[in-house]
Amino acid sequence: MADVKTEKTDSEELTLKFIALPILVIAAATALLHFAAPILIPIALAAALTYLLLPVVNLLKRLKIPHWAAVLIVMIIVVGIFVLISYYLIGEITDLASTLPQYKDKIQAEIQNWNVRAMELFEKLPTFLKNSGNMSVDADKVGTLGKFLLKGASSITNAIVGLVLVFFLALFMLLEADLFKRKFKRVFGGTHEEEAGKILQEITTQIKGYLQVRFYVFVGLSIIITVGLLIFDVQYAYVWGPLAGLLNIIPYIGSIAGAIPPIIVTGIQHNSILQMVYVALFFLVLQTIEGNYITPKLTTTSVDLNTVTSLISVIYWGWIWGGIGLFLAIPITAAIKVICDHIEPLKPIGIILGTERKDGETAIQNI
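Using this note's numbering, read the sequence shown as starting at 22 and increasing by one per residue.
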């Protein structure tokens, strides 16, 4: 009888340890990340920007430029480029918002045209005709979209304040990068100092490699897509190109999401399905080349996450932090994975999150 009670107690302890406790920890962490998002998101964005700019700062330092001067030079150039690009894009986006009613009229006219064709083809099916004749576009919804875009343009001040905060955080992170590394190691001290250094170095290597590749691909795709859409005479190509390049950072779904708006605009603008097919093929060929040839060639050391982990991380961080979470999902999850790899009780989690690699193989994951 005592053995039965002992087995039951052991079973309850195992259930608490391996099921209930992790669930409670994840729930508590999720709640904290959600409610602290206004603080954590600028910090995470600034950290990502720091990883991108640190190699440029180090390059200037090798040219005998003082650290503080190198940081200021890099930040001034980055802010200047950002302001110039934003100034032009804001005008394009505002113009796009003002033309949405015209697109609404064209969509309604096109649907009515399809209704007429449906009546000719299915005149023997009165029920179908009755239903199809009621097809229309809700003008209020299209108008709401226009109001949404205009509201976004009018509230640009809030976005600018957030971006200024991110740039200032990145500035101080770059200035204190070396000091932070030393303090991070010192916090653990003693026998753990070397292990802490390894964790920080691996996180830096993986995230920096991932962000740099994504940045290069973003710039390249933005330019190529913009030029391609200009050749196809698609309106607002200067908006769709950078947007498609930016959305491509989001694993798996970003490339599709970035292609849809210009394809739809092409169909409405040129009133041609064939032209839509051409633009769709342009995106398909370009993204196939980028995903299978360009990105793998640029990638040397990147994040070690399997496909399922990548998808779940995008969903999870997108749910918690919205659109920003979609872009930061992979770097944050990669950092968590590295930490799990170096802490003995968490190593099983690291194994689940990672890819199965051969001995001596570098952590490469073309996401």
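The C-beta atom is built at its ideal place from N, Cα and C for all residues, glycine as well.
Beta-carbon proximity of residue i to residue j, cut-off 8 Å
i	j	result
E113	Y231	no
W338	I353	yes
L326	I351	yes
F253	Y299	yes
V234	V255	no
G279	A265	yes
V185	A67	no
L70	L61	no
P263	S276	no
A198	L75	yes
L192	M96	yes
G343	K358	no
T105	A91	Here residue 105 turns out to be Leu, not Thr, going by the sequence shown. No, they are not a contact pair.
Y412	K206	The structure shown has nothing for residue 412, since the chain only spans 22 to 388.
Burial state of residue i (16 or more Cβ within 10 Å)
i	result
N269	buried
G52	The question names Gly, but residue 52 in the sequence shown is Ala. That one is exposed.
Q222	exposed
Y237	exposed
S331	buried
P59	exposed
A356	buried
L146	Legend: pLDDT at L146 = 46, less than 50; position of this residue unreliable, value from coordinates given subsequently. Burial call: exposed.
F304	buried
V248	exposed
Inter-residue spacing [alpha-carbon to alpha-carbon] between residue i and residue j
i	j	result
K368	C361	5 Å
T115	N292	24 Å
V260	E216	46 Å
F348	I271	6 Å
I284	I345	25 Å
N155	I98	Annotation note: pLDDT 47 at N155 (below 50); position unreliable, coordinate value reported separately. Answer to the nearest angstrom: the Cα atoms are 55 Å apart.
H88	L196	7 Å
K219	V324	16 Å
G183	P63	7 Å
G101	L93	12 Å
A65	L251	35 Å
A50	G371	18 Å
I373	G312	25 Å
A174	L117	Its pLDDT being 47, under 50, A174 is placed unreliably in this model, and the value from its coordinates should be taken loosely. Each residue's Cα considered, the two are about 11 Å apart.
G241	I310	12 Å
L267	L200	32 Å
F189	F56	23 Å
T225	P317	20 Å
T328	I86	42 Å
K204	V46	27 Å
L166	L84	Only weak support exists for where L166 lies, its pLDDT of 47 falling under 50; the coordinates are left without a value.
I246	A301	12 Å
L110	P366	49 Å
**Start-end ranges of the alpha helix (DSSP H) lying completely within the region 291–332, minimum 4 residues** = 294–310 and 316–319
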